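A.B. asks:
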Amino acid sequence: MRPLFTVTLLWLTLACGREGDVNGESSPADTMSDHGWLTHPTEEELIRGDAVEGSYLVAFKGVPTGTSSAAINSYGIRKQTMHGLADKALGKSELISIDLLANLNLSDPQFSFKPLLDRLPGPSGLELRFHNPKQDRAAISKVQFSSQEAAHTQLHTWYEQGVIWYAEPNYISKPKGVLEDDIITNFNDPVSFPWLDQIAYISTIQYFNENPAVDSPVIAVLDSGVDVLHPALADNIYLNTDGQNQLCLEDLYGCDTTDTKKDVLGRGTVYPAGTSGFNQSCNNEQSNCAHGTHVTGIIAAQDSSYVGVCPYCRVLVVKVVGIKEENGRESFQIEDSAIIAGLAYVSGFTVGGEPLVRVINASFGKFQKSRSVGLFIESLTKFGRGILTVAAAGNEDTMKPQYPAAFEDVIAVSSVDSSSDTPQKAPSSNFGMWVDISAPGSGSCRITSGILSSIPGGLSYCTEGTSMASPVVAGVAGLVLAAEPTLDYDQLRSRVLNSAVPDNLYRDGVNNAFRPRVSGQELVPLLGGGVVNALAAVDLSVEKSDPIFTEKRDAVRPGCGSIGAQGSSWWSLALLLLPLYLLNRKKCRHRC
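The opening position of the sequence shown corresponds to residue 1 in UniProt numbering, with each subsequent residue numbered one higher.
1. Beta-carbon within less than 6 Å of Ile-47's beta-carbon, same chain only, minus the 5 sequence neighbours each way: which residues are those?
2. Grab me the residues of Asn-533's own chain with a C-beta within less than 7 Å of its C-beta, minus the 5 sequence neighbours each way, in chain order.
3. Identify, in the order they occur along the chain, each residue of the same chain with its Cβ nearer than 6 Å to the Cβ of Ser-420, setting aside the five sequence neighbours on each side.
4. With 16 as the cutoff for other CB atoms within 10 Å, does Pro-427 come out buried or exposed?
5. Does the Cβ-Cβ distance between Pro-311 and Leu-179 come in under 8 Å?
6. Output needed for Pro-231: all residues of its chain with C-beta closer than 6 Å, excluding positions within five of it in sequence on either side, in chain order.
7. When you compare only the Cα positions, how much space is there between Gly-292 and Thr-204?
8. Where does Pro-115 fall in DSSP's three states?
9. Label Val-517 either buried or exposed according to how many other C-beta atoms from any shown protein chain fall within 10 Å of its C-beta, with 16 as the threshold for buried.
10. Along the chain, where does the beta strand (DSSP E) that runs through Tyr-171 open and close?
11. Would the beta-carbon of Ile-140 fall within 8 Å of that of Ala-167?
12. To the nearest angstrom, how far is the alpha carbon of Ala-301 from that of Ile-437?
13. Excluding the five sequence neighbours on either side, which residues of its own chain have a C-beta within less than 7 Å of the C-beta of Cys-16, listed in chain order?
14. With DSSP run on the structure shown, which of helix, strand or coil describes Thr-67?
15. Do you know how far the Cα of Val-270 is from the Cα of Gly-254?
16. Short check: CB of Asn-504 to CB of Thr-422, under 8 Å?
17. Could you check if Asn-105 is buried or exposed, using at least 16 other CB atoms within 10 Å of its CB as the buried criterion?
18. On the premise that Trp-195 lies in contact with Gly-530, defined as a C-beta separation below 8 Å, what is that separation, rounded to the nearest angstrom?
19. Which one or two residues does DSSP pair with Cys-289 in a beta bridge?
20. Taking the CB atoms as reference points, tell me whether Cys-313 and Pro-212 lie closer together than 8 Å.
21. Give the DSSP-derived three-state secondary structure of Ser-467 in the structure shown.
22. Out of Gly-308, Asn-511, Leu-100, which has the shortest C-alpha to C-alpha gap to Phe-60?
23. In chain order, which continuous runs of the beta strand (DSSP E) of length 3 or greater are located wholly inside the segment 209-272?
24. Apart from the five residues just before and just after Ala-362, which ones in its own chain have a Cβ nearer than 6 Å to its Cβ?
25. Between Asn-186 and Ser-304, which are expected to be in contact by the criterion C-beta below 8 Å, what is the C-beta distance as a whole number of angstroms?
26. Could you have a look at Thr-422 and say whether DSSP puts it in helix, strand or coil?
27. Can you confirm whether the segment 336-355 touches the segment 250-266 when touching is taken to mean that 3 or more C-beta pairs between the two stretches lie within less than 8 Å?
28. Might you give, ordered along the chain, the residues of its own chain that have their beta carbon closer than 8 Å to the beta carbon of Phe-383, omitting 5 neighbours on each side?
29. In or out: Leu-523 buried (at least 16 other Cβ within 10 Å) or exposed?
30. Under a Cβ-count criterion, where at least 16 other Cβ atoms within 10 Å of its own Cβ denotes burial, should Glu-464 be classed as buried or exposed?
31. Would you mind working out which of Gly-509, Ser-55, Leu-388 sits nearest residue 602, comparing C-alpha positions?
32. Going along the chain, which residues of its own chain have a beta-carbon closer than 8 Å to the beta-carbon of Val-264, five neighbours each way excluded?
33. Confirm, please, whether the CB-CB distance from Gly-353 to Thr-466 is below 8 Å.
34. Here's a check: name, in chain order, each residue in its chain whose Cβ is nearer than 6 Å to the Cβ of Asp-409, leaving out the five neighbours to either side.
35. For residue 602, does the three-state DSSP call read helix, strand or coil?
36. Would you decide whether Asn-245 is buried or exposed? Buried here means 16 or more other CB atoms lie within 10 Å of its CB.
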């Protein structure tokens, strides 16, 4: 009896519910919840690059007979007939292609790659008849639409016509740990890469090795242009393939806003200022043309000799540095109009009503304050989740506020030596109560000083200044967003500033002149709340030192060089700092 019982149980199991399938009354999709036959990638998944936009895996009912894979591949061009869909589908401009990948049996996967059986011999010659699994076969195909909207419309039409079982996003898997392992292997040397050690970079990458990044944040670099073909940068340059921002012409690689015209913010000529195209080295007389490429490398470079702070980040290039010819010589300049146009360009990129760009780096500045620039930056902080601007404090060795860094809504970055034990203020770095944070921007670098990063023409070089410190902080903000992309402006700003480490920056014997105390009151920090720390910003479980904060305001009154204070404290601090200010006051420069 046992063999007969076993076969009977097998027959009941396989036969249960099959008749409705034969008659087309139910399908594998019907066992799902409402609209379970179709899933779409979320906006965050598209932003993170977890799914191919407009691309779906579609299970068409049945197996096309007499239709080769090549014929299906040419569907979008020659409109070959597949289940009679050609005449019912969207035009080829919206339905780009259908690629047949595999034929599967949805009800009985075991029959997908085996000969089909109609009956099975039973005991005593009894024949058990089975449902022919051909009825539930599916042609699994990759279907590429021109947009998510086109996909939604056509997939619903196909489902209502009864020609597909289900559709799902074409998701992307990423090899776990490959990038992190390479970085840990190549740069885990505090002696060779002191600035990486100072910001706890390798520990942060190890954190991501165990907790993979969930997003690829976009950081806008407003600068002198970028060599987007540089091999250390090319993979991390944001490409505007969709042409979302209509106010800049031919802006595949970004926008040059130095030459705005009526109804146009600029053009896509974002190659480094002073060159005539990408992948060209700077001439000796055009050393400033390397600036934007160097800054971008500090944020997102991937090279065997140097690495960006946020290798997960993408960079949107915005060229705001123009060239002016006077007496046969070229000079570099940044007009406020170019900055405004650049900010407007950045704000033109959205995903689901939220800003695509979450961080802006501005490694430039001047002492004059533009009300329009300040208002625009403030408005960006309130745009959706908000956009955080990080800016260089400047290289005049003065307390006088420099803008945009000194604006209330901007993180102002001063530069310190890249030694983690004694992060001395860089000799040229500006300082004051308007500075929010410090970052490595100078120190030992091969045979010279500074931070090693990319320069045009596929090369690398060491350069120092607050221009190099600012992208370090911007990169750390990018790391935070790579782990937690939904943080808003206030949360992101707080994570970066609250995790800064003041211990070594303000310990006895280090930067004594930049941590005065007024009438026995609390320490007055003139280099920000501490040195930026990537691990503490990303990993909330890391024990943190209490950073030091002051009220963000214009620290120097015009003409006097003193910090705003009350009573006798005002005079005490004035006597302490006024000689230093007068001694080191320099002519205003646009470059940092």
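By construction, the Cβ of each residue, glycine as well, lies at the ideal position given by its N, Cα and C atoms.
The model shown is predicted, which means the values in this text are computed figures rather than measured ones.
C.D. replies: The short version:
1. Val-351
2. Ile-199, Ala-200, Ser-499, Ala-500, Val-501
3. Exclusion of the five residues before and after Ser-420 leaves Asp-197, Gln-198 as the residues of its chain whose Cβ lies within less than 6 Å of its Cβ.
4. exposed
5. yes
6. Gly-458
7. Whole-angstrom Cα-Cα distance: 25 Å.
8. Residue confidence is low: Pro-115 scores 48 on pLDDT, short of 50, so the model does not pin down where it sits. Its coordinate-derived value is still stated next. Here Pro-115 sits in coil by DSSP.
9. The question names Val, yet the displayed sequence has Arg at residue 517. By the neighbour-count rule (16 or more Cβ atoms within 10 Å), Arg-517 is not buried but exposed.
10. 164-171
11. Contact: no.
12. 23 Å
13. Summary for Cys-16: the model assigns pLDDT 36, below 50, so the residue's position carries little reliability; its value from the coordinates is reported in the next sentence. Hits under 7 Å: none found.
14. Residue confidence is low: Thr-67 scores 40 on pLDDT, short of 50, so the model does not pin down where it sits. Its coordinate-derived value is still stated next. Thr-67: coil per DSSP, three-state reduction.
15. 6 Å
16. Closer than 8 Å, so yes.
17. In summary, Asn-105 is buried, with 16 or more beta-carbon neighbours lying within 10 Å of its beta-carbon over all protein chains present.
18. About 16 Å separates the two Cβ atoms, so there is no contact after all.
19. DSSP output for Cys-289 lists no bridge partner at all.
20. no
21. helix
22. Leu-100
23. Complete beta strand (DSSP E) runs here, min 3: 218-223, 254-256.
24. Leu-222, Ala-391, Pro-404
25. 6 Å
26. Residue state, collapsed to three classes: coil.
27. Contact holds: three or more Cβ-Cβ distances are below 8 Å.
28. Excluding sequence neighbours, Phe-383 sits near Ser-347, Pro-355.
29. Leu-523 sits exposed, since fewer than 16 C-beta atoms from the chains shown fall within 10 Å of its C-beta.
30. Counting of Cβ neighbours within 10 angstroms places Glu-464 among the buried residues, the total reaching 16 or more.
31. Nothing about residue 602 can be reported from this structure: the residues present for the chain run from 1 to 592 only.
32. Same-chain partners within the cutoff: Leu-247, Cys-248, Leu-249.
33. The Cβ-Cβ distance between Thr-466 and Gly-353 does not fall below 8 Å.
34. Ile-377, Glu-378, Thr-381
35. Since the displayed the chain opens at 1 and closes at 592, residue 602 lies outside it and no answer follows.
36. buried
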